[in-house]
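Right, one structure below, let's go through it.
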Amino acid sequence: MAEGEEVKLIGSWGSPFSIRVEMALNLKGVKYEFIELEDRKNKSPLLQKYNPVHKKIPVLLHNDKPIAESLIIIEYIDETWEGPSILPKDPYERSMARFWAKFVDEKCLTAMWEACSKTGEEGDKAIEEAAQLLKFLEEEIKGKRFFGGENIGLVDISANFIGYWFGIIQELVGFELLTKEKYPNLCEWIDGYINDNFIKENLPPKDKMTEALIKALVKPNTGSKSSPNV
Ligand SMILES: N[C@@H](CCC(=O)N[C@@H](CS)C(=O)NCC(=O)O)C(=O)O
Numbered sequence: 001m002a003e004g005e006e007v008k009l010i011g012s013w014g015s016p017f018s019i020r021v022e023m024a025l026n027l028k029g030v031k032y033e034f035i036e037l038e039d040r041k042n043k044s045p046l047l048q049k050y051n052p053v054h055k056k057i058p059v060l061l062h063n064d065k066p067i068a069e070s071l072i073i074i075e076y077i078d079e080t081w082e083g084p085s086i087l088p089k090d091p092y093e094r095s096m097a098r099f100w101a102k103f104v105d106e107k108c109l110t111a112m113w114e115a116c117s118k119t120g121e122e123g124d125k126a127i128e129e130a131a132q133l134l135k136f137l138e139e140e141i142k143g144k145r146f147f148g149g150e151n152i153g154l155v156d157i158s159a160n161f162i163g164y165w166f167g168i169i170q171e172l173v174g175f176e177l178l179t180k181e182k183y184p185n186l187c188e189w190i191d192g193y194i195n196d197n198f199i200k201e202n203l204p205p206k207d208k209m210t211e212a213l214i215k216a217l218v219k220p221n222t223g224s225k226s227s228p229n230v
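1 is the number of the first residue of the sequence shown in full-length UniProt numbering; add one for each residue after it.
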């Protein structure tokens, strides 16, 4: 890091999107100040100022210049600081990493949130869709330690929700979508992921996360399941 350089992350301790960015910064050994925005409902003035388009965390401030959207922030980190590469150097491999990270982000996470939060016929449909999407990841991870090969890369960081949060939600909600029987390769990746020393250091404690997820999954006063927004 250059002298006098200032890096701040506006995030939230339990957000998989925020933690994606922390993982990338920590992988590169970048020192940063973490600004916790737990109560995002009030759309803090910080978000109005630094991410007026989406008003979402995470936002990275590099010398007071804001960058929003976790996947874009990760690429910025990879290009700005030295250290282990997050994206592959080879252009084809690089585009594939981007492809799978986008697939995880836009397709899998959406379907998995819905599988957790919808009930009845809609819930069954969402579970079916998530199950089909996860089959693609099951194929992609086959024979590899991480999506990035021997080391953690863009897809592993992007899929942190699948590696950690989803298992907790699955236990809480009481359905079995992502199991060893149906997805042996993906579950092996999950085992390796949550037991990896670097990843472990970057994940929120399970008991604290479980408590927050219970609150996020159950709407106050109704007892009904809502879309988790952790
Ligand atoms: N596509 C965004 C998603 C970020 C996101 O959904 N952040 C949530 C917290 S986990 C948020 O700030 N929600 C506040 C809101 O929607 O008002 C990214 O990858 O950074």
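Idealized CB from N, CA, C, for every residue including glycine.
{"Check": "Rounded to whole angstroms, what is the Cα-Cα separation between V59 and G11?", "Outcome": "7 Å"}
{"Check": "So, are the CB atoms of F198 and I162 less than 8 Å apart?", "Outcome": "no"}
{"Check": "Is there contact here, the region 84-96 with the region 114-131, by at least three beta-carbon pairs under 8 Å?", "Outcome": "no"}
{"Check": "Given this structure, state the Cα-to-Cα distance separating G123 from S15, to the nearest angstrom.", "Outcome": "23 Å"}
{"Check": "Spatial neighbours of L137 within its chain, please: C-beta separation below 6 Å, excluding the five flanking residues on both sides.", "Outcome": "L186"}
{"Check": "So if DSSP puts I67 in a beta bridge, which residue, or which two residues, is it bridged to?", "Outcome": "L60"}
{"Check": "Is the beta carbon of S70 within less than 7 Å of some heavy atom of ligand 1?", "Outcome": "yes"}
{"Check": "Is it the case that the region 1-11 contacts the region 32-47, given that we only count it when at least three CB pairs across the two stretches are under 8 Å?", "Outcome": "yes"}
{"Check": "Among G174, R20, E121, Q48, whose alpha-carbon lies nearest the alpha-carbon of V104?", "Outcome": "R20"}
{"Check": "Based on Cα-Cα distance, which residue from E201, E79, S70, K107 lies nearest to R94?", "Outcome": "E79"}
{"Check": "Taking three-plus beta-carbon pairs below 8 Å as touching, is the region 42-57 in contact with the region 98-118?", "Outcome": "no"}
{"Check": "Can you grab the Cα-Cα spacing for the pair V7 / N63, in whole Å?", "Outcome": "6 Å"}
{"Check": "In whole angstroms, give me the CA-to-CA distance for I214 and W113.", "Outcome": "14 Å"}
{"Check": "Please tell me whether, using a cut-off of 7 Å, the distance from the CB of P205 to the nearest non-hydrogen atom of ligand 1 is below it.", "Outcome": "no"}
{"Check": "D156: buried (16+ other C-beta within 10 angstroms of its C-beta) or exposed?", "Outcome": "buried"}
{"Check": "Can you determine whether any heavy atom of ligand 1 sits closer than 7 Å to the C-beta of K215, and answer yes or no?", "Outcome": "no"}
{"Check": "In the DSSP assignment, the beta strand (DSSP E) including E36 goes from what residue to what residue?", "Outcome": "33-36"}
{"Check": "Please report the residue range of the alpha helix (DSSP H) in which residue 267 lies.", "Outcome": "This structure cannot settle anything about residue 267, because the visible part of the chain is limited to 1 through 230."}
{"Check": "Does the Cβ-Cβ distance between I74 and L203 come in under 8 Å?", "Outcome": "no"}
{"Check": "Is F99 helix, strand or coil when you go by DSSP?", "Outcome": "helix"}
{"Check": "Since K208 is in the alpha helix (DSSP H), which residue starts that stretch and which ends it?", "Outcome": "206-217"}
{"Check": "Starting from V30, trace the beta strand (DSSP E) both ways and give me its first and last residue.", "Outcome": "Per DSSP, V30 belongs to no beta strand (DSSP E) and is neither H nor E."}
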